[in-house]
Amino acid sequence: MKIIVDGVKTDLNTDRCSSFDEVLLTIQNHVRDIDDRRLVIDVTVDGRKLHEFDQEIKAANPSTFKEIVIKTDDVNKTAIRALKEIKDGLPKLSGSMNNIAESLQAGDRGRALETFSQSCTEWRKIIQFLDDLAVLLQINYSTLKVNDKSVDRANEELLSLLMDTKKAIEADDLVMLSDLLEYELASKIDEEIEIADVLIEHIAAR
21 MKIIVDGVKT DLNTDRCSSF DEVLLTIQNH VRDIDDRRLV IDVTVDGRKL HEFDQEIKAA
81 NPSTFKEIVI KTDDVNKTAI RALKEIKDGL PKLSGSMNNI AESLQAGDRG RALETFSQSC
141 TEWRKIIQFL DDLAVLLQIN YSTLKVNDKS VDRANEELLS LLMDTKKAIE ADDLVMLSDL
201 LEYELASKID EEIEIADVLI EHIAAR
């Protein structure tokens with residue numbers, strides 16, 4: 021198998037790798053050995069770009085691959101770029117929250133729960149990204165403050181708030197839901213934008 025990293029053919033031996041994940045880990049370790057500030061950002065296998073949920077490639081026997089092309093980037097730049105994308109996407113969640121209230125007011129609790137589930141998925145992706153970022157860049161969220169609270173605490177409050185929102189939908193409690201959506205979750209969106217700004221500033225200063 022030919023492995024190319026940033027346009028350069030490597031001499032990596034992946035013969036002992038029994039899965040694609042092992043191959044990718046070998047490549048990632050190779051990249052870090054060269055420069056621990058770089059991160060794999062793009063993977064193409066035999067001309068096919070790898071996506072997060074591409075189970076066909078991940079389940080295939082590595083010996084069937086002919087060529088893997090890897091692109092890397094500075095880990096800090098990659099993190100900042102991702103945080104800016106999150107910032108841009110957060111206001112859209114506000115619209116989703118409004119749709120939840122409208123569905124419940126129309127008596128369509130099923131639709132409200134479906135929209136809420138979709139919104140929760142997006143929220144959890146954001147929190148998971150922040151968790152992964154903390155590990156990758158060794159950032160201590162307990163020491164970073166937003167609105168006089170730690171980033172850790174802010175994210176815990178968000179998860180608790182999402183649970184309260186689900187309970188309000190299931191109970192058809194329009195009064196509670198209205199308060200949660202209009203005041204609590206709206207301010208949380210603003211707070212997550214501030215968290216992104218704090219992290220961007222923190223990473224840029226490294």
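So the working numbering is basically just the index in the sequence shown, starting at one, shifted up by 20.
By construction, the Cβ of each residue, glycine as well, lies at the ideal position given by its N, Cα and C atoms.
On a predicted model such as this, the values are computed, not experimentally measured, just so you know.
Under 8 Å between the Cβ atoms of M196 and I88? no
Rounded to whole angstroms, what's the CA-CA distance from K112 to A216? Just pull it up for me. 16 Å
By a C-beta neighbour count over all protein chains shown, 10 Å radius and 16 as the cutoff for buried, is V28 buried or exposed? exposed
Applying the criterion that 16 or more other CB atoms from any shown protein chain within 10 Å of the CB defines a buried residue, is A211 buried or exposed? The sequence given here places Glu at residue 211; Ala does not occur at that position. Buried, by the Cβ-count rule.
Quick one: using the 10 Å Cβ neighbour count with 16 as the cut-off for buried, is S139 buried or exposed? Taking all protein chains in view, the Cβ of S139 is crowded by 16 or more other Cβ atoms within 10 Å, so the residue is classified as buried.
Terminal residues of the continuous alpha helix (DSSP H) containing I77? Q75 to A79
Closest to K107 by CA distance: which of I209, R226, E221 and H222 is it? I209
Nearest-angstrom Cα distance between R144 and T135? 14 Å
By Cβ distance, which residues of its chain are closer than 7 Å to C37, with the 5 residues on each side in sequence left out? V43, T46 and P82
Which residue comes first and which comes last in the beta strand (DSSP E) that contains T92? E87 to D94
Take K86 and list the residues in its own chain whose beta-carbon comes closer than 8 Å to its own, dropping the five residues that flank it on each side. Same-chain partners within the cutoff: M21, K22 and D66.
Across which residues does DSSP place D172 in a beta bridge pair? The partner list for D172 (beta bridge, DSSP) is empty, contrary to what the question assumes.
A188: buried (16+ other C-beta within 10 angstroms of its C-beta) or exposed? With 16 or more other Cβ atoms within 10 Å, it is buried.
What whole-angstrom Cβ distance do V155 and V218 have, given they're in contact under 8 Å? Rounded to the nearest angstrom, the Cβ distance from V155 to V218 is 18 Å, too far for a contact under 8 Å.
From N118, K104 and D152, residue whose alpha carbon lies closest to that of E204: For the residues N118, K104 and D152, the minimum Cα distance to E204 belongs to N118.
By DSSP's criteria, L59 is part of a beta bridge. Which residues make up the other side? D93
Can you tell me whether T64 is helix, strand or coil according to DSSP? strand
At what residues does the alpha helix (DSSP H) containing I24 begin and finish? Looking at the DSSP string, I24 is not in any alpha helix (DSSP H); the run it does join, the beta strand (DSSP E), is K22 to V25.
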